[in-house]
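Take a look at the structure below.
Residue numbers (my numbering): 499 to 1140.
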């Protein structure tokens, strides 16, 4: 390629020899191209001064050839600017314009020292003792003086400018935007290289060797197309993509190389249809059960009661009074108390070498087995009273009847399997309801130390949000979800076929209520410690606020198990009242013996709209005398209001 000087005659210049010296006094235009064809690019003549924003940038002057007397000619405007800059360079620093930050002429030159008489203090030994010229206290040169150009002579003035882009760093030469670097403003841009790593519209998208940089201020849709002729399934839902992608920081704002950083403000939420649905264990459907007996509405009720207390295994009848049998929802054994009426009966149930004596209590065909653990004797002439108390057989799994043990899970084991292993060779068994999530305990995730069997079983059941209910007469335990059918806020919508019992208000002899509201928690965080999962349990349709205290436990290991534990915590909160009702214990028919953990309905005979549902918290059966004496059951119910 040759260079053509635009003139009347034209010149052909070759750049393969000595440097080119332009003609004197002529303005030279540079056109790079073939002779006779229009130029592909046009560039302005390299200026001596460029302005960016409010700052002036002084460029290095074009050097003239050393072997010629000819040099570039300057326009009158450029000469005026140059003279102004040269004149300003001798002015004090503080009087210049803000955008003229050219290099300050050296003012510390010794040639200028003579201008300031106090630069060299006079030698006091030379006889200059005049008090006026005393140099004991040399005045500070900056005091009450106008800004001088040498005030900042210690540091380079270029370093005081807060924008460190006076001299563009080397990073700008690699940037694809040529206008960022003022030095490259009039130079030919680098040739555009065809990238082989990503071609828009092609199926070749190779990111292994070179990262793909999103163009500034552009939206990029990347389509992965299959080879020709191959059909694949596609998703019509648009994927989440970056919006307003562009340069995060301009290259001249900092000294660090920031041109390679881009901002990608991804959507805060995925677009509709692109949400990820995680596969998790679903609750198994509860099996069908026999519906609760429907109470009969009568004008009067007639009950034929029968009650007894016998020593086992002989079946010796005992004379008693004031028999009470009770169970709380958080207890693992039934409790019994009674008054023994004579010495002969008391001698039958006193403990002996074989330990406590076992008795059987029967009330209207309902049987319980107890161990007599304590008794007291009160003598008041002419009568002697004997008070006895005991617990159901499940008390044998607690201290002092069972030794405390320690163990660590060394192989993955289900919670139910752990309980069955503990109950092995004890004569007891457990009935694990399907409503209670059985969960796997990984090796090393959990263990127990110095605990009785019943304490370990109770911990494993409550970790899934369950309750442990002992059988009345058998050596058996029942484990079920505290709110088996559903949380309390769903109770009104559950079909009546799922009720455990139904009680008509006509059978209730007394009713009392105590308002016991608590904070209505709508969310709780249930998490494991070293293993397991972290589950945020919230009421459906709520924001989860307010939140119950977080629950951290080594047994929080699976999603469904943590969900059951969270439901148990949230279900016990909120506006509620504790209703206590007393009704007969029938021999047969509704409602039967109502035990803790059961869920049922209290029905109003005159207005069914006022029916309400509740969970049984405790049950107490009382009999005043053996035989046909009146048998009553007192039930405490947990009723919620939403």
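The C-beta atom is built at its ideal place from N, Cα and C for all residues, glycine as well. Predicted model only: the values in this text are computed from it and were never measured.
The distance from the Cβ of residue 1119 to that of residue 823 is about 4 Å, consistent with a contact at the 8 Å cut-off.
For residue 802, the secondary structure class from DSSP, reduced to helix, strand or coil, is coil.
According to the DSSP assignment, residue 1137 belongs to the beta strand (DSSP E) that extends over 1129-1138.
The criterion of a C-beta distance shorter than 8 Å is not satisfied by residue 1106 and residue 803. Straight-line measurement puts the Cα of residue 1031 at about 51 Å from the Cα of residue 808. By the Cβ test, the segment 866-873 is not in contact with the segment 918-933, since fewer than three Cβ pairs between them sit closer than 8 Å.
Just so you know, the alpha carbons of residue 853 and residue 869 end up roughly 9 Å apart. Under the DSSP definition of a beta bridge, residue 850 partners with 853. Closest by C-alpha distance to residue 1001, out of 880, 1113, 888, 918, is 1113.
Where residue 835 is concerned, there is no enclosing alpha helix (DSSP H), although the beta strand (DSSP E) around it starts and stops at 833-838. When DSSP states are grouped into helix, strand and coil, residue 1092 belongs to the coil group. DSSP lists 974 as the beta-bridge partner residues of residue 927. In this structure, the beta-carbon distance from residue 929 to residue 974 falls below 8 Å. In this structure residue 862 is buried. Its beta-carbon is surrounded by 16 or more other beta-carbon atoms within 10 angstroms. Looking only at 921, 905, 860, 1097, the smallest Cα-Cα distance to residue 941 is reached by 905. For residue 867, the uninterrupted beta strand (DSSP E) segment begins and ends at 864-878. Judged by beta-carbon spacing, residue 936 lies beyond the 8 Å limit of residue 978, meaning their Cβ atoms are not closer than that value. Under the DSSP definition of a beta bridge, residue 1032 partners with 1025. Following the DSSP letters along the chain, one finds residue 921 inside the alpha helix (DSSP H) bounded by residues 913-921. Rounded to the nearest whole angstrom, the CA to CA distance from residue 981 to residue 784 is 13 Å.
With respect to residue 1023, residue 1034 sits close: the two C-beta atoms are nearer than 8 Å. Restricting attention to 1007, 988, 972, 1006, the CA atom closest to the CA of residue 890 is found in 972. Taking all protein chains shown into account, residue 1014 has fewer than 16 neighbouring C-beta atoms within 10 Å of its C-beta and is therefore exposed. Its Cα nearest to that of residue 1018, the residue 1065 stands out among 1065, 958, 1004, 789. Sequence-distant Cβ neighbours of residue 849 in its own chain, meaning closer than 8 Å and more than five residues away, are 855, 870. For residue 954, the three-state secondary structure derived from DSSP is helix.
Judged by their CB atoms, residue 1069 and residue 990 are not nearer to each other than the 8 Å cut-off.
By the C-beta density criterion, residue 841 is exposed, having fewer than 16 other C-beta atoms within 10 angstroms. Cβ-Cβ distances below 6 Å link residue 1029 to 940, 943 in the same chain, with the five nearest sequence neighbours on each side left out; the list follows chain order.
Nearest Cα to residue 1115 within the set 858, 1124, 1134: 1134.
By the neighbour-count criterion, in which 16 or more other beta carbons inside 10 Å mark a residue as buried, residue 798 falls on the exposed side.
DSSP, reduced to helix, strand and coil, places residue 828 outside both helices and strands of the structure shown, so it counts as coil. Around the beta carbon of residue 834, 16 or more other beta carbons lie within 10 angstroms, which makes this residue buried. The closest CA to that of residue 1045, considering only 1099, 1052, 1016, 893, is found on 1016.
Straight-line spacing of the CA atoms in residue 1139 and residue 1110 works out to 10 Å. With contacts defined by Cβ atoms closer than 8 Å, residue 1121 and residue 805 form a contacting pair.
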